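Undergrad: Under the numbering used here, the first residue of the sequence shown carries the number 32, and numbering increases by one thereafter. Built from N, CA and C at the ideal position, the CB exists for glycine as well. Quantities reported herein were computed from a predicted structural model and do not represent experimental measurements. I'd like to ask some things about the structure below.
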Amino acid sequence: TRAYVEQDLHAIYEGEVRYARDAFEGLRLMDALMGIKRGVPGASLPELKQRRHRRVELEAPVPTERLGQVRSDVAVDNRVPAPPFWGDRIVKGVPFADYASWLDEDALFK
């Protein structure tokens with residue numbers, strides 16, 4: 032967004048960092064930059080826009096007590112099964128008629 036680029040990124044990076052909402056605004060920015068570089072009288076970049084609302088840093092609530100905290104009886108030592116294989120696998124010998132109904136012809140031939 033414009034506020035992120037013109038406030039946050041502008042403060043981090045050296046040099047000019049500008050936001051253009053579309054290609055036409057980007058072309059106007061480039062024209063202004065080239066005008067400044069070439070010394071055209073009156074050439075200037077538009078002012079950086081300020082955020083409408085100040086960023087509010089939220090603090091996590093500090094737990095005062097852990098009253099009534101009970102662990103559930105859900106097992107946590109479950110064995111995680113290993114997959115039968117890793118990566119890709121090519122399966123050969125499956126007749127076309129077995130999987131032809133699953134194909135989306137519109138997506139396949141576009």
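E56: buried (16+ other C-beta within 10 angstroms of its C-beta) or exposed?
TA: For the purposes of this step, residue 56 is taken as the residue at position 25 of the sequence shown. E56 is exposed by the Cβ-count criterion.
Undergrad: Go to A68, then tell me how far its alpha helix (DSSP H) extends in each direction, as first and last residue.
TA: As a working note, residue 68 is residue 37 in the sequence shown. Before going further, note that residue 68 is Lys rather than Ala in the sequence given. Here the alpha helix (DSSP H) through K68 covers A54 to R69.
Undergrad: Around the Cβ of K37, are there at least 16 other Cβ atoms within 10 angstroms (buried) or fewer (exposed)?
TA: In the sequence shown, counting from the first residue as 1, residue 37 sits at position 6. It is worth fixing the name first, because residue 37 is Glu in this sequence and not Lys. By the neighbour-count rule (16 or more Cβ atoms within 10 Å), E37 is buried.
Undergrad: Give, in chain order, every unbroken run of the alpha helix (DSSP H) that is at least 4 residues long and sits entirely within the segment 86-137.
TA: Correct list: 127-130.
Undergrad: List the whole-angstrom C-beta distance separating L40 from A51, where the pair is believed to meet the contact cut-off of C-beta under 8 Å.
TA: For this step, residue 40 is matched to residue 9 along the sequence shown. For this step, residue 51 is matched to residue 20 along the sequence shown. In fact, because the Cβ distance is near 13 Å, the residues do not count as touching under 8 Å.
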